[in-house]
Amino acid sequence: MDDQAKILKYLVSVEKLAEEIINDKQEIIMIDKRRNQNREALRDLTKSGQTKCWVTVGSVLIKHNVDSAKTLLETDQMQLNIDINKLRSNLKIKVNDLRDLEIQPPVPGLMLVPMSKKETQGLSSAGLIPR
Amino acid sequence: MASLAAAQVQEVRSITRIERIGAHSHIRGLGLDDALEPRAISQGMVGQKMARKAAGVILQMIREGKIAGRAVLLAGQPGTGKTAIAMGLAQALGPDTPFTSMAGSEIYSLEMSKTEALTQAIRKSIGIRIKEESEIIEGEVVEVVVERAAGGGGARSGRLTLKTSDMETNYDMGAKMIDSLLKEKVQAGDVITIDKATGKINKLGRSFARARDYDATGQQARFVQCPEGELQKRKEVVHTVTLHEVDVINSRTHGFLALFSGDTGEIKSEIREQINGKVAEWREEGKAEMIPGVLFIDEAHMLDIECFSFLNRALESETAPVVIMATNRGITRIRGTNYKSPHGIPLDLLDRMIIVPTTPYSHQELREILNIRCEEEDCQMSSDALTVLTRVATETSLRYAIQLVTTASLVARRRRAAEVSMEDVKKVYSLFLDEHRSEQFLKEYQDEFMFNDGSGVENKKYQLLD
Numbered sequence: 001m002d003d004q005a006k007i008l009k010y011l012v013s014v015e016k017l018a019e020e021i022i023n024d025k026q027e028i029i030m031i032d033k034r035r036n037q038n039r040e041a042l043r044d045l046t047k048s049g050q051t052k053c054w055v056t057v058g059s060v061l062i063k064h065n066v067d068s069a070k071t072l073l074e075t076d077q078m079q080l081n082i083d084i085n086k087l088r089s090n091l092k093i094k095v096n097d098l099r100d101l102e103i104q105p106p107v108p109g110l111m112l113v114p115m116s117k118k119e120t121q122g123l124s125s126a127g128l129i130p131r
Numbered sequence: 001m002a003s004l005a006a007a008q009v010q011e012v013r014s015i016t017r018i019e020r021i022g023a024h025s026h027i028r029g030l031g032l033d034d035a036l037e038p039r040a041i042s043q044g045m046v047g048q049k050m051a052r053k054a055a056g057v058i059l060q061m062i063r064e065g066k067i068a069g070r071a072v073l074l075a076g077q078p079g080t081g082k083t084a085i086a087m088g089l090a091q092a093l094g095p096d097t098p099f100t101s102m103a104g105s106e107i108y109s110l111e112m113s114k115t116e117a118l119t120q121a122i123r124k125s126i127g128i129r130i131k132e133e134s135e136i137i138e139g140e141v142v143e144v145v146v147e148r149a150a151g152g153g154g155a156r157s158g159r160l161t162l163k164t165s166d167m168e169t170n171y172d173m174g175a176k177m178i179d180s181l182l183k184e185k186v187q188a189g190d191v192i193t194i195d196k197a198t199g200k201i202n203k204l205g206r207s208f209a210r211a212r213d214y215d216a217t218g219q220q221a222r223f224v225q226c227p228e229g230e231l232q233k234r235k236e237v238v239h240t241v242t243l244h245e246v247d248v249i250n251s252r253t254h255g256f257l258a259l260f261s262g263d264t265g266e267i268k269s270e271i272r273e274q275i276n277g278k279v280a281e282w283r284e285e286g287k288a289e290m291i292p293g294v295l296f297i298d299e300a301h302m303l304d305i306e307c308f309s310f311l312n313r314a315l316e317s318e319t320a321p322v323v324i325m326a327t328n329r330g331i332t333r334i335r336g337t338n339y340k341s342p343h344g345i346p347l348d349l350l351d352r353m354i355i356v357p358t359t360p361y362s363h364q365e366l367r368e369i370l371n372i373r374c375e376e377e378d379c380q381m382s383s384d385a386l387t388v389l390t391r392v393a394t395e396t397s398l399r400y401a402i403q404l405v406t407t408a409s410l411v412a413r414r415r416r417a418a419e420v421s422m423e424d425v426k427k428v429y430s431l432f433l434d435e436h437r438s439e440q441f442l443k444e445y446q447d448e449f450m451f452n453d454g455s456g457v458e459n460k461k462y463q464l465l466d
């Protein structure tokens, strides 16, 4: 019975982690959708040239002038960017944890700090990495 | 009309790669199960269980990085599978781990000194893993709308609508973006990626959903699935380069050409120091990972005493690969000295090595190996012929019997038979002599050969002493 309980616990932990990973991926998609909608809204606001606009907050419509609406959208964008970056780094850690649980080797190079732009350019012009 | 159509069909030829069948091309791995126990016949390896099990243990240690800077020696009589085990190890390690294979006599070259050749071989077996990252927008094009401003030649404005299976959005484009889109001839239904940093547009292909738009597509048409997930992705690409490549590229102006031609010459030690320093710096910042690989030196008895001393020292450094040596010599003279030593390797290096012995194959194992070689060389053999061949292998050597496989199949093909029979094997046995019969022949007729000095040649058999 003890063995069975252990196996059950192990399976539960694996499935929980997998569920978290799938949820995180869905969240990233949602945040990206919002990001794109914000971006489209910003574009429209700059192009339209109006002075006042209507902003929907929940189920309430508020009239704003365009500048404050733009600052609102821009702060929202920044927050969304931070959220997405956080989610992505957590996702990497979770994927490696899952692979540890499933006794698979971790994805090679996932935890590496990426090279800067200049270094990548130097390496690819030297012919070390394909470009 | 029908003959014309038939001629057109002839034009469609697939270009196949000419595959070279080498002596060890049938080896796909070590043939171990999950508990690292060797199966009798698996992945091209037959028998030799103890040596394969030892190789499995070494494989695990390499994977866990616990054996860097250690040396392994595969010792056994000729034809007992030493090179085969090394090949199996290389396949089992996978493409991620650098595996350099060389013969002992390759270090003797006029262009560079022996220590330089060894240093290059060692640095070819150490890899570094680096990662580059970029933000890209990947999606299927729904529509591209370009408006020319009134008055011709004015600023153009455009709108690009991209979608993935989960979302859709549109982008306003500036003049430069419109230009690159038109240059790439992006249409609705294409799957593209746009690099956010450089603005480069890359066409991946056409979406499957739009495959029916046209009745006929050109040869270049590639169909890919509509991408899923978010539009703005982070793309990470992991590269593995060996330290040798980095050395060569830094050592002269057109370094990358030298990599291809192999004409690297001597590389200054200051450059190597600089590169070691840079790699250490990257490792501290977390930008690079060191992957110690495997350096396989076959015929290790051909190395001389200077090389052995160099190896002693080189194995002590903290970034050393695993060195696997193979030799079939018994107690022989070390090259460069007059001293005899087991396997032709000095005792202090032998002391640092893990020695894996290989034993000669049994009759049944020889039969299995010959069977596998017949399959690899695409030749059908009757079981009588196989029995005769196995007897030949037991009496002469395994390599000679493997040579007979292809020759016998050619003889059989000449008489238009589907499979090789006993007569074919007997015929090639009489046509091609093995080492022993050749020696007999020579003893009888040596007077009639050129440059014969009349003295008999002693028969040196390279047996291992117990």
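Protein chains in written order, with full-length UniProt numbering: chain P, 1 to 131; chain G, 1 to 466.
Think of the CB as a built atom: it goes at the ideal place given N, C-alpha and C, for glycine as much as any other residue.
Quick caveat, the model's predicted, so the values are computed rather than measured.
Helix, strand or coil at residue i according to DSSP, with G and I counted as helix
i	result
Leu350 of chain G	helix
Asp172 of chain G	strand
Phe208 of chain G	helix
Glu419 of chain G	coil
Cys53 of chain P	strand
Met50 of chain G	helix
His436 of chain G	helix
Gln60 of chain G	helix
Glu140 of chain G	strand
His363 of chain G	helix
residue 469 of chain G	What is shown of chain G runs 1 to 466, which leaves residue 469 of chain G out entirely.
Met325 of chain G	strand
Ser134 of chain G	strand
Asn202 of chain G	strand
Leu315 of chain G	coil
Gln10 of chain G	Because Gln10 of chain G sits at a pLDDT of 38, beneath the cut-off of 50, its placement in the model cannot be relied upon, and the point is left open.
Leu182 of chain G	helix
Inter-residue spacing [alpha-carbon to alpha-carbon] between residue i and residue j
i	j	result
Thr332 of chain G	Glu281 of chain G	45 Å
Lys268 of chain G	Leu181 of chain G	48 Å
residue 538 of chain G	Glu284 of chain G	With chain G running from 1 to 466 in the structure shown, residue 538 of chain G is simply not present.
His64 of chain P	Gln50 of chain P	11 Å
Glu132 of chain G	Glu119 of chain P	9 Å
Val72 of chain G	Ser309 of chain G	16 Å
Lys443 of chain G	Val392 of chain G	22 Å
Val323 of chain G	Glu266 of chain G	22 Å
Arg43 of chain P	Asp76 of chain P	15 Å
Asp2 of chain P	Leu11 of chain P	14 Å
Thr264 of chain G	Arg313 of chain G	24 Å
Ala75 of chain G	Phe208 of chain G	57 Å
Leu465 of chain G	Asn250 of chain G	Interpretation of Leu465 of chain G is limited by its pLDDT of 43, a score under 50 that renders its predicted location unreliable; the figure taken from the coordinates is listed afterwards. Going by the C-alpha atoms only, they are around 48 Å apart.
Val388 of chain G	Arg416 of chain G	21 Å
Glu299 of chain G	Val46 of chain G	22 Å
Val411 of chain G	Gly22 of chain G	20 Å
Glu55 of chain G	Ile372 of chain G	Looking at the sequence provided, one finds Ala at residue 55 of chain G rather than Glu. So the alpha carbons of these two residues sit roughly 21 Å apart.
Chain-ordered chain P contacts of residue i [CB-CB under 8 Å]
i	result
Lys131 of chain G	Gly109, Leu112, Val113, Pro114, Met115
Asn170 of chain G	Glu40
Leu431 of chain G	Near Leu431 of chain G there are no residues of chain P at all, since even the closest Cβ is about 50 Å away, more than 8 Å.
Ile249 of chain G	Ala126, Gly127, Leu128
Residue closest to residue i, alpha-carbon to alpha-carbon, out of the options
i	options	result
Met177 of chain G	G:Thr169, G:Arg156, G:Thr164, G:Leu162	G:Arg156
Ile67 of chain G	G:Leu315, G:Glu184, G:Arg159	G:Leu315
Val145 of chain G	G:Gly158, G:Asp447, G:Met302	G:Gly158
Asn36 of chain P	G:Thr161, G:Ser438, G:Gly65, G:Leu36	G:Thr161
Glu376 of chain G	G:Ile402, G:Thr394, G:Asp384	G:Ile402
Closer than 9 Å at the beta carbon, the chain P residues around residue i
i	result
Asp96 of chain G	Pro108
Leu238 of chain G	Checking the displayed sequence, the identity of residue 238 of chain G turns out to be Val instead of Leu. In chain order: Val107, Pro108, Gly109, Leu110, Leu112.
Cβ neighbours of residue i in the same chain (closer than 7 Å, five flanking residues each side left out)
i	result
Asp166 of chain G	Glu228, Gly229
Same chain only: Cβ atoms within 8 Å of residue i, ignoring 5 sequence neighbours per side
i	result
Thr115 of chain G	Glu306, Cys307, Phe310
Glu236 of chain G	Lys131, Glu132, Glu133
Val55 of chain P	Leu61, Ile62, Lys63, His64, Ala69, Leu72
Partners in chain P for residue i, counting only beta-carbon separations shorter than 7 Å
i	result
Arg234 of chain G	Arg88
Lys287 of chain G	Leu112, Val113, Met115
Chain G residues whose Cβ lies nearer than 7 Å to that of residue i
i	result
Arg43 of chain P	Asp172
Lys70 of chain P	Here the premise fails: no neighbours, minimum Cβ distance about 16 Å.
Ile28 of chain P	Glu230
Lys33 of chain P	Met167
Proximal residues to residue i (C-beta, below 6 Å), its chain only, five neighbours per side dropped
i	result
Ala84 of chain G	His24, Ile27
Val9 of chain G	Confidence is the limiting factor: at Val9 of chain G the pLDDT is only 40, short of 50, which leaves the residue's position unreliable and the question unanswerable from this model.
residue 539 of chain G	Because chain G here runs from 1 to 466, residue 539 of chain G falls outside it and cannot be looked at.
Met450 of chain G	none
Arg352 of chain G	Ala71
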